[in-house]
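**Student:** UniProt numbering numbers the first residue of the sequence shown as 1 and each following residue consecutively.
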Amino acid sequence: METVKENKIFSRQFYLLPGECNSEQEMPLWLLVNRIIEVATLHADSLGIGYKRLSRDNQAWVLSRLAIEMERYPKVGENYTLSTWIESFNRHFSERNIEILDENDHPIGYARTIWSVIDTTSRTSCDISALCSMADNVAEKECPIEHQSKIKNVDRQQESRYTFRYSDIDFNRHVNTVRYICAILNMFPLQFYDAYSIHRFEITFIKETYIDTEVIICIDDSNPTDCKAEISDGDTPLCRARIVFSPRNKDNRQ
């Protein structure tokens, strides 16, 4: 769909195809995260600080932290729009927000993201302040959801093991953001998703993961509607997440 940039806010409209939906016939969280990354990438490209520009210096944007809060998700056959803007930045991180709109341009959710730039050779952090167009494109639009919380050690109420393979790896040759999320969400049974939807999801990435790494996925569901999760390589945490569930409206259950 056509993209537009106005008042330092970048927007793109999408259409939710049946093949993209989850079993509840709505947009799944993993697709929403893909769309968030997509519009962030397109906006960065339009500002001259995207992949083409950074790759010349062996650099790349990486997502460090994410928080999503949704009142509802787009349904099958529905148009929806993602709008994104830069809230702030410093030498090490850039804060970028996203608004999710339904086909009537009514907000149905928001996301907060924190990004960094790494040197793809040394895998070390780069100075974002060198990207001069960042300062000229910070928007004043507010994001109404809370910032990402600090997720501490996770009690291992449930555990599962998984080995990341070829399809889990992205162009940076490390595990794709969405693959971590899918591994965590797969720890809950289908019947639970039929009864509850994900109201808020947070994830903090701690360490890069590579192909053939066997990881432990653990869930603390002592509070079944406000769960914590961790993916680790042995005793080394790779990411931590928080999932807040809300009961589905009985009239809207499939």
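By construction, the Cβ of each residue, glycine as well, lies at the ideal position given by its N, Cα and C atoms. Keep in mind the model is a prediction, meaning the values are calculated, not measured.
Relative to the ligand PLP, is the shortest distance from any of its heavy atoms to the C-beta of residue 234 smaller than 8 Å?
**Tutor:** The ligand PLP is not part of the structure shown, which contains no ligands of any sort.
**Student:** Are three or more beta carbon pairs between the segment 75–83 and the segment 20–28 nearer than 8 Å?
**Tutor:** Contact between the segment 75–83 and the segment 20–28 is present, because at least three Cβ pairs lie under 8 Å.
**Student:** Under three-state DSSP, which class holds residue 93?
**Tutor:** Of the three classes helix, strand and coil, the one that applies to residue 93 here is coil, per DSSP.
**Student:** Of the residues 202, 31, 13 and 211, which one's Cα is nearest the Cα of residue 19?
**Tutor:** Selected option, being the one with the closest Cα: 31.
**Student:** Can you tell me whether residue 158 is buried or exposed? The criterion is at least 16 other CB atoms within 10 Å of its CB, across all chains shown.
**Tutor:** Exposed, since its Cβ has fewer than 16 Cβ neighbours within 10 Å.
**Student:** Going along the chain, which residues of its own chain have a beta-carbon closer than 8 Å to the beta-carbon of residue 162, five neighbours each way excluded?
**Tutor:** Taken in chain order, the residues that qualify are 183, 214, 215 and 217.
**Student:** Indicate whether residue 39 and residue 86 have their beta-carbon atoms separated by less than 9 Å.
**Tutor:** Contact: no.
**Student:** Per DSSP, what kind of secondary structure is residue 148 in: helix, strand or coil?
**Tutor:** Coil at residue 148, not helix or strand.
**Student:** Rounded to whole angstroms, what is the Cα-Cα separation between residue 241 and residue 130?
**Tutor:** Their backbone Cα atoms lie some 31 Å apart in a straight line.
**Student:** Taking the beta strand (DSSP E) that residue 54 falls in, what are its first and last residues?
**Tutor:** Not the beta strand (DSSP E): residue 54 falls in the alpha helix (DSSP H), residues 51–55.
**Student:** Name the one or two DSSP bridge partners that residue 99 has.
**Tutor:** Beta-bridge pairing links residue 99 to 83 and 110.
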